[in-house]
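Read through the structure below, which is laid out as structure tokens, and then see the notes.
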Amino acid sequence: MAKNFDEDAYIHRIQTGPCFICEMIAGRLEGNHIIYQDEHFIAFLSKWMTLYGHTLVAPIQHKEQVTGDFSPEEYLQLQKAVYRVAEAVRKAFAPERVYILSLGSQQGNRHVHWHIAPLPPGIPFKEQQLAALSVERGVLDLSEEEMEGMVVRIRTYLEKG
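1120 is the number of the first residue of the sequence shown in the numbering used here; add one for each residue after it.
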């Protein structure tokens, strides 16, 4: 079941407010569903999920450019973290495909982060790819219990390696 997404409010918040990832890491945001965190990276569920299990991975340190702000070694470490979380998401939800992409803009959501979005089997082709990630059609209306259940499920596979 989808609920409406207030795109204007979202855009206003990300363009005028503090970095949501830095705020989460600092413990100043409520309602986060953190799957994993260490001294370098954090993985958490998307608040605006269009696909069940949509997870984000970000570096702890605020960096804004995917290539320019990382040394090659740091970038490879980030990609290892993304791969590890994506593999746990794949095992947890058995999707047809796992989408992995980095979005953001210097105009909002500047903190580098990667989206890991599992596409469930059976979705018609026209509703896949970017259409599957489009919040304009609404976002999933999930209870706190469902969100926590996803965290546990992904974390279980993350811990198994």
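Heads up, the beta-carbon is just placed ideally off N, CA and C, and yes, glycines get one too. On a predicted model such as this, the values are computed, not experimentally measured, just so you know.
_Span of the beta strand (DSSP E) around residue 1156_ = Per DSSP, residue 1156 belongs to the beta strand (DSSP E) from 1153-1156.
*From the DSSP output, which residues share a beta bridge with residue 1258?*
1122
*Give the straight-line distance between the Cα atoms of residue 1233 and residue 1175, rounded to the nearest whole angstrom.*
For residue 1233 and residue 1175, the distance between alpha carbons rounds to 5 Å.
*May I ask you to report which of helix, strand or coil DSSP gives residue 1179?*
In the structure shown, residue 1179 sits in coil (DSSP, three-state: anything other than H, G, I, E or B).
*Throw me the rounded Cβ distance for the residue 1166 and residue 1260 pair, which I believe falls under 8 Å.*
The pair is not a contact, with the Cβ atoms about 12 Å apart (cut-off 8 Å).
*Quick one: grab the DSSP three-state call for residue 1277.*
helix
*asked:* Which of the three DSSP states is assigned to residue 1174 in this structure?
replied: DSSP places residue 1174 in strand when its eight states are reduced to three.
_Alpha carbons only, please: which of 1274, 1141, 1159 is nearest the one belonging to residue 1197?_
For the set 1274, 1141, 1159, the Cα lying nearest the Cα of residue 1197 is the one of 1159.
*Cut-off 6 Å between Cβ atoms - residues of its own chain near residue 1220, not counting five sequence neighbours on either side*: 1234
*For residue 1244, name the three-state secondary structure that DSSP assigns.*
For residue 1244, the secondary structure class from DSSP, reduced to helix, strand or coil, is helix.
_Three-way DSSP call (helix, strand, coil) for residue 1239 in this model_ = Here residue 1239 sits in coil by DSSP.
*Under a Cβ-count criterion, where at least 16 other Cβ atoms within 10 Å of its own Cβ denotes burial, should residue 1161 be classed as buried or exposed?*
Classification of residue 1161: buried, given that the 10 Å Cβ count is 16 or more.
*Using DSSP bridges, identify the partner residues of residue 1216.*
Looking at the DSSP output, residue 1216 bridges to 1238.
*Using three-state DSSP, classify residue 1200 as helix, strand or coil.*
Helix, per DSSP.
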